[in-house]
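Undergrad: What follows is a structure written as structure tokens; I'll ask about it next.
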Amino acid sequence: MLAVLSGGTGTPKLLQGLARLLEQEELTIIVNTAEDLELSGLHVSPDIDTVMYTLAGIVNEETWYGIRRDTFACHDLLERLGEPELLRIGDRDRAVKLYRTLQLQRGKPLSEVTGELCARFRVGAKVLPMSDDRVQTRIDTEAGVMPFHEYWVQRRAVDRVKGMSFEGVENAKPAPGVLDAIKEAQAVIIGPSNPVTSIGPILAMEDIWMALIRNREQVIAVSPIVGKAAVSGPAGELMKGVGYEVSPLGVARFYREYASTLLIDWSDKGLAGKIDEIGIRAVPADLLMPDVSSRVRLAREVLELAGVQK
Ligand code: GDP
């Protein structure tokens with residue numbers, strides 16, 4: 454079994470590749486929930502939904518958000534009624550979010566509801582929220598402290614980042630199955646997700662980072678940074694904001710305690726020596742995944758490093 458730590462864009466691309474090479478049952482995905490939010494009366498778990506839709510083969514690959522070819526009648530009407538939504542939620546996607554909200558209101562934990570939804574969507578992989586407890590990312594900017602979606606979606610990352618916190622993380626427990634997955638996995642993959650706001654909240658949970666450190670030899674990270682920039686999204690600004698250089702070397706410093714291997718892009722091969730010096734083995738590969746074949750190719754490299762025969 455492979456455990457994969459995931460956010461909602463970069464790692465799902467890799468998951469698509471892994472799912473072409475492995476039985477989904479061999480994958481356990483531990484997903485960031487610190488960007489979950491309440492919107493239009495719904496509990497939105499953006500990263501869980503993207504992972505689930507990806508493994509179900511229905512994700513909208515243009516945005517890595519929502520369901521492919523969804524309709525937006527409800528969203529459009531809400532807007533006309535003067536109730537604009539921060540995120541554009543499609544009709545079928547809304548049904549999923551509404552189902553989740555109703556189940557949570559009935560007292561079920563998020564992990565149980567996620568399991569039910571995955572079963573309905575015939576997802577064979579085990580998809581686990583990092584925690585059933587509420588953890589929320591707060592970005593500290595020059596314009597004040599704000600939730601991640603206000604910083605990224607509403608204000609388009611215009612504010613200089615000074616730091617961040619994960620509210621509630623001190624008391625949050627890993628969801629059932631998370632620690633066992635890390636302990637029992639043949640390898641743990643830290644996917645190419647935003648280190649600070651997607652992987653950061655998972656690593657901020659004490660029981661999880663302790664389990665990873667104990668298993669460090671089996672932990673392989675994939676850099677979401679190629680050259681001096683993130684492939685997409687605000688990871689660069691956020692890394693800078695918490696004091697890390699925006700480069701694969703910065704990623705290596707971020708993960709040095711938890712991971713023994715870091716995949717970097719061939720174009721960054723010149724940094725391999727410096728990365729090795731800080732105690733992480735740098736392995737060059739083609740890290741850009743614009744299409745399915747590049748996702749499968751990178752997944753194959755990851756499996757080889759993990760010692761999984763394919
Ligand atoms: P979020 O939840 O939407 O923020 O998604 P993630 O954190 O999972 O993904 C965002 C990260 O994915 C960014 O830091 C990107 O640099 C990275 N990313 C996106 N596409 C690729 C890709 O093709 N290759 C690599 N290596 N990283 C990617």
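Taking the working numbering, the leading residue of the sequence shown gets 454, the next gets one more, and so forth. Glycine included, every Cβ here is placed at the ideal spot set by N, Cα and C.
1) Does the Cβ of S685 have 16 or more other Cβ atoms within 10 Å, making it buried, or fewer, making it exposed?
2) Out of E603, I643, K693, L455, which one is the CA nearest neighbour of E491?
3) Based on the DSSP output, what are the partners of K681 in its beta bridges?
4) Measure from the alpha carbon of E488 to the alpha carbon of each residue in M617, V695, E730, I733, then state which is nearest.
5) Let me know if R575 comes out buried or exposed under the rule of 16 or more other beta-carbons within 10 Å of its beta-carbon.
6) Which whole-angstrom value describes the C-beta separation of Q589 and G621, a residue pair presumed to lie in contact below a C-beta threshold of 8 Å?
7) Taking the alpha-carbon positions, what's the P648 to L656 distance?
8) In whole angstroms, give me the CA-to-CA distance for E496 and G543.
9) Would the beta-carbon of G460 fall within 8 Å of that of I652?
10) Using three-state DSSP, classify M658 as helix, strand or coil.
11) Is D721 a contact residue of the ligand GDP, with contact defined as CB to any heavy atom under 7 Å?
12) What I want to know is whether the C-beta of A688 ends up closer than 7 Å to one or more non-hydrogen atoms of the ligand GDP.
13) Hey, is K681 close to the ligand GDP, as in C-beta under 7 Å from one of its heavy atoms?
14) Where are the beta strand (DSSP E) runs, 3 residues long or more, that stay fully inside the region 621-668, in chain order?
15) Using a threshold of 7 Å, is the CB atom of S746 nearer than that to any non-hydrogen atom of the ligand GDP?
16) Does the ligand GDP have even one heavy atom less than 7 Å from the beta-carbon of D612?
17) Whole angstroms is fine: what's the gap from V504's alpha carbon to E515's?
18) When you compare only the Cα positions, how much space is there between E623 and L756?
19) Assign G689 to buried or exposed, taking buried as 16 or more other Cβ atoms, counted over all protein chains shown, within 10 Å of its Cβ.
20) Rank L530, P627, L540, K626 by C-alpha distance to the C-alpha of R609 and give the top, closest one.
21) Only counting the same chain, and skipping five residues up and downstream in sequence, which positions put a Cβ closer than 6 Å to that of V679?
22) Classify M583: buried if its beta carbon has 16 or more other beta carbons within 10 angstroms, exposed otherwise.
23) Helix, strand or coil, according to DSSP, for D523 in the structure here?
24) Alpha carbon to alpha carbon, how far is R547 from L531? Give it in angstroms, no decimals.
25) State the Cα-Cα distance for the pair Q477 and K681, rounded to the nearest angstrom.
26) Take the Cβ of K579 as the centre, count every other Cβ of all protein chains shown within 10 Å, and call the residue buried at 16 or more, exposed below.
27) Are there 16 or more other CB atoms within 10 angstroms of the CB of T524, so buried, or fewer, so exposed?
28) What's the C-alpha gap between G630 and G519?
29) Starting from M511, trace the beta strand (DSSP E) in both directions and tell me its first and last residue.
30) Output the distance between the C-alpha atoms of Q556 and K763, rounded to the nearest integer angstrom.
31) Output needed for S700: all residues of its chain with C-beta closer than 8 Å, excluding positions within five of it in sequence on either side, in chain order.
32) Is V675 close to the ligand GDP? I mean its beta-carbon at under 7 Å from any heavy atom of the ligand.
33) Compute the beta-carbon to beta-carbon distance between V512 and G644, rounded to the nearest angstrom, for a pair I have assumed lies under 8 Å.
TA: So, to answer that:
1) With fewer than 16 Cβ atoms within 10 Å of its Cβ, S685 is classed as exposed.
2) The shortest Cα separation from E491 among E603, I643, K693, L455 belongs to E603.
3) Looking at the DSSP assignment, K681 forms no beta bridge with any residue, so it has no partner.
4) Among M617, V695, E730, I733, the Cα nearest to that of E488 belongs to M617.
5) Result: exposed.
6) Confirmed, about 6 Å.
7) C-alpha separation (whole angstroms): 9 Å.
8) With the sequence shown as reference, residue 496 is identified as His, and Glu is not the correct amino acid for it. Across the structure, H496 and G543 are spaced so that their CA atoms are roughly 14 Å apart.
9) In this structure, I652 lies closer than 8 Å to G460 by Cβ.
10) DSSP places M658 outside both helix and strand once states are collapsed to three, so it counts as coil.
11) Taking non-hydrogen atoms of the ligand GDP into account, the C-beta of D721 is found less than 7 Å away from none of them.
12) Yes; taking the cut-off as 7 Å, the Cβ of A688 has a heavy atom of the ligand GDP nearer than that.
13) Because no heavy atom of the ligand GDP lies under 7 Å away, the Cβ of K681 does not count as near it: no.
14) As far as the region 621-668 is concerned, its whole beta strand (DSSP E) runs of at least 3 residues are 640-643.
15) No, the Cβ of S746 stays beyond 7 Å of every heavy atom of the ligand GDP.
16) Not one heavy atom of the ligand GDP lies closer than 7 Å to the C-beta of D612.
17) Rounded to the nearest angstrom, the two C-alpha atoms are 14 Å apart.
18) Spanning the alpha carbons of E623 and L756 requires a straight line of approximately 34 Å.
19) Only buried fits G689, as 16 or more other CB atoms lie within 10 angstroms of its CB.
20) Of the candidates L530, P627, L540, K626, L540 places its Cα closest to the Cα of R609.
21) Hits under 6 Å: D718, L740.
22) Here M583 is buried: its Cβ has 16 or more other Cβ atoms, across all protein chains shown, within 10 Å.
23) D523 sits in coil when the DSSP states are folded into three classes, being neither helix nor strand.
24) Answer to the nearest angstrom: the Cα atoms are 13 Å apart.
25) Distance between the alpha carbons of Q477 and K681 is about 34 Å.
26) So K579 ends up on the buried side.
27) Exposed, because fewer than 16 other Cβ atoms sit within 10 Å of the Cβ of T524.
28) Near 26 Å, if we compare the C-alpha coordinates of G519 and G630.
29) Sequence inspection shows Ile at residue 511; the Met mentioned does not correspond to that position. Note, I511: premise wrong, no beta strand (DSSP E); not H, not E.
30) Each residue's CA atom was taken as its position, placing Q556 and K763 some 39 Å apart.
31) The residues are I678, G680, K681, D721, L724.
32) At least one heavy atom of the ligand GDP sits closer than 7 Å to the Cβ of V675.
33) Actually they are not in contact, since the Cβ atoms of V512 and G644 sit about 15 Å apart, beyond 8 Å.
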